[in-house]
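To keep things clear, I will list the structure first and then write my remarks on it.
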């Protein structure tokens, strides 16, 4: 068995209350498994997620952060996820720019009806993080030699 | 893994088809131009794969009656695509016999003008990558 | 310069303005510093030379709270910052009397030093610069002593002013995004190594934050308890790591690319690269946008279209 | 410091079988702020809630965490429980250890570890919770029903009968919907018009119901209890107050070549038209695309013949703005396009028709006056083939993945009616499965087979090929007989899949009601709240929520009405207290938060403040709590972090992040 299979990543999933959290619930009630590495934090809307939360998660040892919201156009608050889309595009691009592996962050749109998508997304994301290994690059730059 | 299961798995791998998606609508058999000449009918292919009875499929006349016209593949509402399943079974048999892929340049000298067009088309379909 | 000083004095004396916001003579030609002048006597110290690089627009936040108008000298690029602050209601247009001052590219003593000269005693702001050193006199070509940001000059136009003084020159002779592109082309390992080397120099002196006209919050999130990210002392290491990324994010879509952050960094960290990266991405994805060009424009991160790119674009070949 | 109680639910074996609940209790006890932790079989039960209540009293708890099912399930339950025992309901947090843990993980150790972490995150959050007070908002006692088919009509009638005002918005010129196009209805075979028309008349005559036909919803703002809706009343070009409905204009109109929508394009209509004879209102509209007057400026025949002087070419679209407390979506369905099903020759032959087209053919008011005839040559068919599941139950992109539910029954109906009226016509139905769950449904289908001699063959048709002699060659396999069939038919009827009316997408977006991948509106809970959208104040009626037949639609329409009545009966609604709240000492007044607020809830005012001894006037953001819905968009836009969201504050969310990553 390779090292990566033993590696249990810490993954934070921010899910909006109206679509993605409900999608996760549906995945649960449909018994669609995904690794226990994923821990979900409920937010009212994907637009509530401040880039600071994501960086904080990495800083505290998360290996991957995924943000799930309603599909564009279907936001419970009409427009929240459109702002999310721009903000996260900018943030992810910046992380990529400073050399953080761009697979560690992801945004997925999962509706309340997409239990299957939620589960496959999480399985896929966990596999990706496992292949990337432990997050070391978002550590304190000054403390490294 | 038993040989039976192994072969069934191989058929699934080669064809990329999932026999469990089949809803037994029979549209493949309805569509098949070689239906009357087949002993195992297209809609039954999936059952053989599900049961792991590739041997019977390999022994069947159907294996060599399928024209690879892919009408069933085109029309299957469930993406099960029996044409690919029978094609996969055929490949297993061909491989067992030691025959394997032809190279593209080996084909033209083998072409006989009297060969049915379907055979050629089917061959090309199979060998295209 | 004398004409500018005379005009400022005139406006001060006739009561049009209550004070003048400009630059004060420093110990040397090359270190003038921002200052308010309230009297004719104080105006003796007023200076405007080619080393007057500081962007004065941010001082207008405090000046807007004072009685009477403040005469403020703005170079073309500073006027964008002024406009952006205006758009965010941080300053009062009525409280400002803007003299748009001419600019032919600002000089940096650091650049002069980088040309290899040591023991500098005095330096002129002429073309070429005449440098007197402990070891004899030397000359430096104007272009070579110019701030990096002036090589990607925004142009000669003031976007806001009451009157203009002096000629300006468009000094741009470089590609604004060249450095950003060079980094984008690196492998993740190289990028990481580059920024690790640069950011590890940071001493968290906050000079970048203090000078930045977009960083004008009454209280910075890094000083408040709202995100548990407060205190400069290492209560936790969060702010240390993320400070520059968050700072860049907070000014994204609002940064006019004035380049003050890099200019004032005592450690010489090219902080403007973060801002330029955002600007480049915004231009590529959401259309060309220059913060401060138009007071009524909707900021790229406070607006959207339904057809915007997905964040996945970053991992699918990047933003081109 | 909070005094937190943690309550871990077994949910029978739903949680306890995979999560070691005792271990979760034990670990929770070690978390900061936790003064009490316990587990119980069913926390949501009366006894479970009593346990929570006792602990609140005994341990003087200031906050509680319930480790149980999804908060979407029982957050309300536990909040009201807390309230009953004197604790602020917003001091309750739920750790979802069922849907997000026990149900998806098999390994006990793994699931237990995760449950502990989820509990820890909830505890970390509660440590930072603050009591919140729900506000109140008013309820406009008027409902809007979008769609004037049987679903919309029934919902409107039921609401109106309870004494509330209802408006129906229908995009076509008449109410009636799909049901008005049907000939007979299963399983009783009564005439569709005979049972629908009285309801239409009732709705039109009801003093509490206002009907906007030829109108569309254009804009929706507001929220439950207080929606503001813009309705575009399209220009009818006929003054409804003057028109007597005599119909002369339609007779005399020289432009008669427009395919009739009502007859599914099988016949034509005039440019000025009412869709069908029993239309309500019986006021025609001018189709400006087809009208010669509008196209060339010359004609004006209708105006000349109209005795009442009702024709008004200058009429403009009108925008009506109205306030509503509740909105019901009843937008119905259409049949899918068959462009991708070349094998059934729908586009090649006029004699291949959809079942809905057959309804029109069979109807006495239809294009053939009810005579069963081939549309190509008008000849009487001798051999008719029905094909089931056309586009339904398809895994590929050509059709729909779901069962359209109504086709088995209406095909049995069609087969039976044809055999009854034309005993010499042979009827063959090709089916995959015959699905007849419903009262008297299977009996109905068996009658078709046993009494009417309809020939049912199991096997989907592979191909329909038009022949030179005008017949249609149908190729199929009889899967039970194991033989391939090639038969000639004179007519082929396709049981075409149904899909939500395309207009529903735009409406869902306006209402911010969630929609699934098939464009069916999502219900708040598939079992327990089937007629409510997750968006408060929006209710679902009819096929917009999922395929259903008339009896089911009517039942759901009534259910939706009851939900609306329940809402409108209240004078005030309590509002969500989880709203945005600016810290005035941090606010820059920069204006960015208002730019991203979808509700216009943020305004700015200049106020005198005291910032640690500095007194000054500042421009500050102010949030209107009645308008704020708590999305949090503003909190991220605010550079200084002055704007925070109550109940989901920056510190709370960061505490959760920290707890998970610890």
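Chains as they are written, first to last, in this note's numbering: chain A, 10 to 154; chain B, 85 to 213; chain C, 1163 to 1482; chain D, 44 to 705.
Yeah, the Cβ is synthetic: ideal placement off N, Cα and C, and Gly gets one too.
Restricting attention to C:1449, C:1457, C:1352, the CA atom closest to the CA of residue 1482 of chain C is found in C:1449.
Listed in chain order, the non-local C-beta contacts of residue 1266 of chain C below 6 Å within the same chain comprise 1331, local neighbours out to five positions each way being set aside.
Residue 200 of chain D: member of the alpha helix (DSSP H) spanning 193-204, first to last residue. Collapsing the DSSP output to three states places residue 326 of chain D in coil. Residues of the segment 669-698 of chain D with a C-beta less than 7 Å from any C-beta of chain A: 672, 673, 674, 675, 676, 678, 679, 688, 691, 693, 696, 697, listed in chain order.
Contact between the segment 215-232 of chain D and the segment 188-200 of chain D is present: three or more C-beta pairs spanning the two stretches fall below 8 Å. Think of a sphere of 7 Å around the beta carbon of residue 140 of chain B: no beta carbon from chain D falls inside it, the nearest being about 16 Å out.
Any Cβ of chain D closer than 7 Å to the Cβ of residue 59 of chain A would place that residue at the interface, and such an atom is present. Closest by C-alpha distance to residue 1216 of chain C, out of C:1425, C:1299, C:1223, C:1446, is C:1425. If you check each beta-carbon in the segment 99-126 of chain A against every beta-carbon of chain C, the ones closer than 7 Å belong to 99, 100, 101, 102, 103, 105, 106, 107, 108, 110, 111, 112, 116.
Residue 368 of chain D counts as buried, since at least 16 other C-beta atoms from the protein chains shown sit within 10 angstroms of its C-beta. Between residue 542 of chain D and residue 379 of chain D, the C-beta spacing is below 7 Å. Assigned with DSSP and collapsed to three states, residue 568 of chain D falls in strand.
The beta carbon of residue 635 of chain D sits closer than 7 Å to some beta carbon of chain C. The beta carbon of residue 95 of chain D sits closer than 8 Å to those of 48, 50, 86, 107, 109, 121, 124, 125, 128, all from its chain and outside the five residues before and after it, given in chain order. Comparing C-alpha distances from residue 143 of chain B to each of B:177, B:169, B:111 shows the shortest one belongs to B:177.
Rounded to the nearest whole angstrom, the CA to CA distance from residue 120 of chain A to residue 79 of chain A is 5 Å. The way I'd put it, the segment 1318-1326 of chain C does touch the segment 1253-1263 of chain C; three or more beta-carbon pairs between them come closer than 8 Å. With contacts defined by Cβ atoms closer than 7 Å, residue 103 of chain B and residue 130 of chain B form a contacting pair. Scanning chain D for C-beta atoms nearer than 7 Å to the C-beta of residue 77 of chain A yields nothing, as the closest lies near 13 Å away. Counting along the chain, the unbroken alpha helix (DSSP H) around residue 241 of chain D starts and ends at 235-248. The beta-carbon separation of residue 149 of chain B and residue 118 of chain B, rounded to 5 Å, stays under the 8 Å limit for a contact.
In the structure shown, residue 185 of chain D falls within a strand segment according to DSSP collapsed to helix, strand and coil. Around residue 101 of chain B, no beta-carbon contact reaches into chain D at under 7 Å, the shortest distance being about 11 Å. Among the residues facing chain D, residue 1383 of chain C is included, as its CB has a counterpart in that chain under 7 Å away. Within the segment 569-630 of chain D, the alpha helix (DSSP H) runs of at least 4 residues that lie entirely inside it are, in chain order, 593-611. In this chain, the beta strand (DSSP E) harbouring residue 262 of chain D covers 258-266. Per the Cβ contact rule, the segment 35-47 of chain A is not in contact with the segment 89-97 of chain A (fewer than 3 Cβ pairs under 8 Å).
In terms of Cα proximity to residue 1475 of chain C, the closest of A:116, A:90, A:85 is A:116.
Of all residues in the segment 635-657 of chain D, those with a C-beta nearer than 7 Å to a C-beta of chain C are 635, 638, 639, reading in chain order.
Contact between the segment 347-357 of chain D and the segment 285-304 of chain D is established, with three or more Cβ pairs separated by less than 8 Å. When secondary structure is reduced to three states using DSSP, residue 154 of chain D falls in the helix class. The beta-carbon distance between residue 251 of chain D and residue 208 of chain D, rounded to whole angstroms, is 5 Å. This is short enough to meet the 8 Å contact definition. Proximity of residue 93 of chain B to chain D, defined by a Cβ-Cβ separation below 7 Å, is not satisfied.
Cβ proximity to chain D below 9 Å picks out 155, 156, 158, 159, 160, 161, 162, 163, 164 from the segment 151-181 of chain B. The segment 1304-1317 of chain C makes no contact with the segment 1216-1226 of chain C, as fewer than three CB pairs between them are under 8 Å.
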